[in-house]
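Quick note on the numbering used here: the sequence shown kicks off at 135 and runs consecutively.
Backbone N, C-alpha and C define an ideal beta-carbon position, used for all residues, glycine too.
Predicted, not measured: the structure shown is a model, and the values here were computed from it.
Contents: one structure, followed by commentary.
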Amino acid sequence: MVTSLEPHQYTLKRSVSCCGVGLHTGRTVNLMINPASENSGICFYRCDLDSRPAIPARMEQIVDTTLATTIGNGEARISTTEHLLAALRGAGIDNADIEIDSHEVPIMDGSAAPFVHLLKRGGRRKQRALREVLRITRPLSFIDGEKSIRIEPYDGFKISGRIKFDDDLINEQSYSVEITRERFNQEISRARTFGFVEQVEQLWANGLALGGTLENVIAIHWDRSSILNEDGLRFDDEFIRHKVLDLVGDLALLGCPLLGHVIADRSGHSLHQGLMQTIVDNPDCWEFVKFCKRGDSVLRRVVSGEKGFAGRLRPFYLPPSNLSEASPSVCAA
């Protein structure tokens, strides 16, 4: 609930670094997360390129949603951003500069947990600026065939997800969680990415997923009733929890905390992008608010409504060609 929402922005106390392998290239990737000034947001820097191009972690930078979310600036790209961005959002970090020497974020163990531990080492520093929070005031939906994603007004940030596969292992799973720092760390961050063995083999044949191993992917057996990982699952419903993790990371590309209840049915990265685009296209369904504490009370102040949105989200409009023409959006009363 909003009583747990911290009014001020946060960055790291100190820089932290890690290295791992890229899921698709299989090459070593070095990454450093640095403190950043207030109101700067999250930004990646490709330090392996001469111009050290900056790639802001914002929805207008999305260039691909196949297999993972990829953002870019000109020719520079950063792929598989969702796990790191989920960790930053889950840790309550608003501003950070991320230096990386590859075009993909290291996969680590396939979850956000290693990044959560890294951010704990970096610590959190409160900044003077107040957070501006995107508050949903009317329901919004994005639909693509049998897949859909919806966001409704809610006095907090909640995600309810559902997936369905034609197998005995996953079958149908549902999960609903209030996204707080504590619950993200305990219930979401450790859920790993997963794939079917035959799909992984096909990716290998195409020169992709070269860094994918049983150390960073839940590999579902050909018989679709078991997994190849000897250590088993971390949660009985780890598959849907990982989908929730991906959704948290993708929605972080809105560039600010979100107040709303997201209901996702068999969604993926492209639908997440579609929901963000739907939000941008319907400014009468949301407002920006700031929160401040007075004693034990949390006070809300609207700083921008539908009549004052110009220059905030609208410049981040994505061309319709980036989204499926068969994916209509609707703003419901």
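Let me know if residue i comes out buried or exposed under the rule of 16 or more other beta-carbons within 10 Å of its beta-carbon.
| i | result |
| --- | --- |
| S282 | buried |
| N340 | exposed |
| N350 | buried |
| T203 | buried |
| C153 | exposed |
| T200 | exposed |
| R262 | exposed |
Can you round the beta-carbon distance between residue i and residue j to whole angstroms, since I take them to be within the 8 Å contact cut?
| i | j | result |
| --- | --- | --- |
| R223 | L146 | Contact flag wrong, Cβ pair sits at about 14 Å. |
| N229 | A170 | 4 Å |
Quick check: the Cα distance between residue i and residue j, rounded to an integer number of angstroms?
| i | j | result |
| --- | --- | --- |
| Y288 | T159 | 41 Å |
| S245 | H217 | 6 Å |
| R296 | V396 | 11 Å |
| R315 | Y144 | 13 Å |
| H313 | F291 | The sequence as given places Ile at residue 313; His does not occur at that position. Spanning the two alpha carbons is a distance of roughly 6 Å. |
| Y309 | F422 | 28 Å |
| L303 | A398 | 20 Å |
| K298 | E280 | 11 Å |
| C177 | D357 | 42 Å |
| S185 | S275 | 40 Å |
| G394 | L268 | 9 Å |
| N363 | G329 | 12 Å |
| E332 | D278 | 26 Å |
| S149 | L219 | 16 Å |
Between which two residues does the beta strand (DSSP E) carrying residue i extend?
| i | result |
| --- | --- |
| T204 | 204 to 207 |
| F291 | 291 to 298 |
So, with DSSP's three-state summary, where would you put residue i?
| i | result |
| --- | --- |
| A460 | Confidence in A460 is poor, its pLDDT being 39 and thus under 50, which makes the residue's placement unreliable; the coordinate value appears in the next sentence. A460 falls in the coil class under three-state DSSP. |
| T347 | coil |
| Y144 | strand |
| R92 | The displayed coordinates of the chain run from 135 to 467. Any statement about residue 92 would go beyond what the structure contains. |
| D228 | coil |
| T162 | strand |
| I322 | helix |
| P248 | helix |
| C390 | coil |
| S404 | helix |
| Y373 | The displayed chain sequence assigns Phe, not Tyr, to residue 373. Three-state result, F373: helix. |
| H395 | strand |
Along the chain, where does the alpha helix (DSSP H) that runs through residue i open and close?
| i | result |
| --- | --- |
| A339 | 331 to 339 |
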